[in-house]
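Student: Same order as they appear, the protein sequences are chains A and B. Using our numbering, the first residue of the first sequence is number 1, and each one after it goes up by one. Using our numbering, the first residue of the second sequence is number 1001, and each one after it goes up by one.
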Amino acid sequence: MAEQPKKKKIKRGKQKQLNRSMAGNALLFALMIFCGIFMVLPLVMIVNNCLKPLDELYQFPPKIFVRNPTLENFSDLFVLMNDSWVPFSRYILNTIIITVGGMVGHVVLASMAAYPLAKHKFPGKNVLFSMVVLSMMFSWTVTQIPQYLIISWLGINNTYLALVLPAWSFGMGLYLMKQFMEQLPDSLMESARLDGADEMTIFWRIVMPNVKPAWLTLAIFQFQQMWANTGSLFLRDEQLKPLQFALQQITAGGVARAGAAAAVTFIIAAVPITFFIICQKNVLETMTTSGMKD
Amino acid sequence: MAKDEKNIKAEEVEKDTKAILEEKTEKQSALLDRAGVDALEAMEYSEKTKKAIAKLSEKEIAMANEKGMSLEAYAVAKKQGTLGYRLKRSSWSYGMIAPYFILFFFFTVLPVIMSIVLSFTYFNMLEFPTWVGWRNYIKLFLEDDVFMVALKNTLIFAVITGPISYFLCLLFAWIINEFKGWTRAFLTLIFYAPSICGNAYLVWNLILTGDRYGYLNGILLKLGVVNEAVAWLKTEKFILPCLIVVQLWLSLGTGFLSFIAGLQTVDKSLYEAAALDGVKNRWQELWYVTLPAMKPQLMFGAVMQITQSFAVADISIQLAGNPSVNYAGATVVTHLLDYGSTRFEMGYASAIATVLFLLMIGTNKLVQKILRRVGE
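#1: Below 9 angstroms between beta carbons: does that hold for B/L1103 and A/L109?
#2: Let me know if A/M32 comes out buried or exposed under the rule of 16 or more other beta-carbons within 10 Å of its beta-carbon.
#3: So, do the segment 1306-1324 of chain B and the segment 1202-1214 of chain B have three or more beta carbon pairs nearer to each other than 8 angstroms?
#4: Can you tell which of A/L176, A/E199 and A/V164 has the C-alpha that lies nearest to the C-alpha of A/I98?
#5: DSSP three-state call for B/T1265: helix, strand or coil?
#6: Could you spell out where the alpha helix (DSSP H) holding A/L218 opens and where it closes?
#7: Taking Cβ positions, are A/T217 and B/I1260 nearer each other than 9 angstroms?
#8: Quick check: the segment 183-195 of chain A against the segment 1129-1149 of chain B, are at least 3 beta-carbon pairs closer than 8 angstroms?
#9: The segment 214-227 of chain A: which residues have C-beta closer than 8 angstroms to a C-beta of chain B, in chain order?
#10: Inspect the beta-carbon positions of B/Y1215 and B/L1257 and report whether they are closer than 9 angstroms.
#11: Could you pull out every residue in the same chain whose Cβ sits closer than 7 angstroms to the Cβ of B/L1220, ignoring the five residues on either side in sequence?
#12: State the Cα-Cα distance for the pair A/I273 and A/M39, rounded to the nearest angstrom.
#13: State the start and end residues of the unbroken alpha helix (DSSP H) segment that holds A/N82.
#14: Quick one: give me the first and last residue of the alpha helix (DSSP H) that B/F1101 is part of.
#15: Under a three-way DSSP split, which group does B/Y1327 fall into?
#16: Can you check whether the C-beta of A/K8 is within less than 9 angstroms of a C-beta belonging to chain B?
#17: Within the same chain, show all residues whose beta-carbon is closer than 8 angstroms to that of B/I1176, passing over the 5 residues directly before and after it, in chain order.
#18: If distances are taken between C-alpha atoms only, which option among B/L1142, B/Q1264 and B/L1248 comes closest to B/M1294?
#19: Exposed or buried, B/R1282, counting other C-beta atoms within 10 Å across all chains shown (16 or more means buried)?
#20: Do the segment 151-167 of chain A and the segment 1115-1130 of chain B meet, that is, are 3 or more Cβ pairs less than 8 angstroms apart?
#21: Which residues does DSSP pair with B/W1131 in a beta bridge?
#22: Using a Cβ-Cβ cut-off of 6 angstroms (strictly less than) and excluding sequence neighbours within five positions of B/A1311, which residues of its own chain qualify?
#23: Taking the CB atoms as reference points, tell me whether A/M22 and B/T1254 lie closer together than 9 angstroms.
#24: Kindly say whether B/I1160, judged by its beta-carbon, lies nearer than 9 angstroms to any beta-carbon of chain A.
#25: Helix or strand or just coil, what does DSSP make of A/V66?
#26: Going by C-alpha to C-alpha distance, which of A/D76, A/P116, A/P42 and A/V211 sits closest to B/P1099?
#27: Out of B/C1169, B/L1056, B/T1235 and B/D1211, which has the shortest C-alpha to C-alpha gap to B/A1302?
#28: Are three or more beta carbon pairs between the segment 70-77 of chain A and the segment 255-264 of chain A nearer than 8 angstroms?
#29: Does DSSP put A/Q249 in a helix, a strand or coil?
#30: Taking any Cβ of chain B, which residues in the segment 134-150 of chain A have a Cβ under 7 angstroms from it, in chain order?
#31: Cβ of B/S1057 less than 9 angstroms from any chain A Cβ?
#32: Tell me which residues share the same chain as B/I1156 and place their Cβ nearer than 7 angstroms to its Cβ, disregarding the 5 neighbours each side in the sequence.
#33: For A/P53, which residues from the same chain have a beta carbon less than 7 angstroms from its beta carbon, with the 5 sequence-adjacent residues on both sides left out?
#34: Compare the Cα-Cα distances from B/G1162 to each of B/F1357, B/T1307 and B/A1353 and report the closest residue.
#35: For B/A1229, which residues in the same chain have their Cβ closer than 8 angstroms to its Cβ, ignoring the five residues on either side in sequence?
#36: Spell out whether any CB of chain B is found under 9 angstroms from the CB atom of A/F122.
Below you can see the structure in the form of structure tokens.
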């Protein structure tokens, strides 16, 4: 932020339109391009790698860009998939249940709990909220063991619930939703209350539509987290394991499977990216439609 | 005459009322019902208040008089101040938070408490834990040299990457917010790419490879900056700076996206008002309008940043190895992982986690205090 005063100077003199100068725009654009190249590097490499034939993958020194693109890696991957012990569609089904279940449940429960914490007054509110914030600071590596014991004690070990239920109670979602809901003007809810709406109706009809950017963002985070989950700690049955686990088994096959592994890396990244784009586009759309604030 | 007019008027009023009553829509009837309920409640309420006033002790009456309150007001205040009343009034709130907090208690609160208790024990995950009191903590601070190195590295790491990452998130989110439409969606994706691509930081292994085929070495050799290839991730003095750079590159994650969403919720009319009030350029606009309006997101971003900066471990293990050369890349969490998942000393690992926990709480308190001053 050191260049701040310099920029101010450039802009003084031509500020007739709404606070935006050409020089400022050009500078920001240049900065974005420069940093953007660095940031997009992994994406470029993943896409290029999955199109490389084996000899290019093992080329030394490695090149970023592919020279003879081929889809061989994907056909190899499909052959390997068909060989798997459990049908691959089963892995996909498991992943859908775990990812969608974990995501939707978390967004709903965390938002529902965030609303009273942000907008109601009740005894114990502050204690509960600080517990959530503090919980995010405790290393999960350590809590994994007690969590395992609790999940076994509840008897949900080796079921989808062992992955989905803890995901519903992650701290971050509640914190994020609460922060956004705090910004809503009280008058919005008050008028609905005068019309005789109960709190649940207010939550669904008024609060949630107004914090759409927040829960779409939360959905992105949660999707990413659930998608990356291999479930190896809690799921023993092959029948229950998610796609992520099966794909990683394929990549663990060593040198001969390097091509398939590159295709796997691409798929593992492509799914959350697709989801990200869909959500992000909707976050953007809310910009034009939300005029609800006072 | 006058009487007739009055009669006619009265008739008209009656007619109107009837018409209204007949034509009443569902909503109106609901409103009327509600008004009726309100009236009943109010009557009941006044009865209750009378009783409550009768129950007031002499001392309380004296106090009410002293404060210039009416006895009714005092009685109502007394009743509403009781915990039971407040709990009853909040049944909606409790109902709505219950599902989340029941799960939260089982899967987060209980494990954290169990871990803190375990930090006072010796626990190797096979035998039942044995109580050792403060011994883990004493060993941690007085005997464990590696922990001191790890603590120092973590603090350096957090102090550098924490604030810089935070400002980068804010800066980029804010710049991206200046763009419109698909450019914007595309830019968001590009900048978020390192966080969404899973193990994307492994790309840096290629860049920082220690022989002359590593990209960085290649460029530096060509430019004549260095004479021979540098083993970036195997040389003590380069490890931490390399990790810091990679972490900064990775930093546009949770905080960044929440800022992007936060900028969406800033009321656009605030900007117009600010322009009229003499806000001249986008930097002033940022400080006086945008930042104060998105304070809740700033707080959230700060907490996420703290948890990320202090808990850094994965990139250190993947790039520098665990243990790294002379522990130059050791952080508190790599140390914790070393004890927790390699040596199975869960008691000791829990003690490390507890110390880290306290460190983060302290930092968070400090940062929240600073953030309250934004835009003043």
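A virtual CB, placed ideally from N, CA and C, is assigned to each residue, including glycine.
Tutor: Based on what the coordinates show:
#1: yes
#2: buried
#3: yes
#4: The shortest Cα separation from A/I98 among A/L176, A/E199 and A/V164 belongs to A/V164.
#5: coil
#6: K212 to W227
#7: yes
#8: no
#9: A214, L216, T217, I220, F221 and Q224
#10: no
#11: So the qualifying residues of the chain are V1226.
#12: 15 angstroms
#13: E72 to D83
#14: S1091 to F1104
#15: helix
#16: Caution applies to A/K8, whose pLDDT of 40 falls short of 50 and renders its modelled position unreliable; the value that the coordinates give is listed next. Among the residues facing chain B, A/K8 is included, as its CB has a counterpart in that chain under 9 angstroms away.
#17: Only R1184, L1187, T1188, F1191 and I1260 meet the Cβ criterion.
#18: B/Q1264
#19: buried
#20: Taking a contact to require three or more Cβ pairs closer than 8 angstroms, the segment 151-167 of chain A and the segment 1115-1130 of chain B do not qualify as touching.
#21: B/T1121
#22: V1333, listed in sequence order.
#23: No, they are not a contact pair.
#24: no
#25: coil
#26: Of the candidates A/D76, A/P116, A/P42 and A/V211, the one whose C-alpha sits nearest the C-alpha of B/P1099 is A/P116.
#27: B/C1169
#28: Yes: at least three Cβ pairs fall under 8 angstroms.
#29: helix
#30: L134, S135, M136, M137, F138, S139, T141, V142, T143, I145, P146, Q147 and I150
#31: no
#32: Residues L1240 of the same chain have their beta carbon placed closer than 7 angstroms to that of B/I1156, with the five preceding and five following residues left out of the count.
#33: N68, T70 and E72
#34: B/T1307
#35: G1210, D1211, R1212, G1214, N1217 and L1221
#36: Cβ-Cβ to chain B under 9 angstroms: yes for A/F122.
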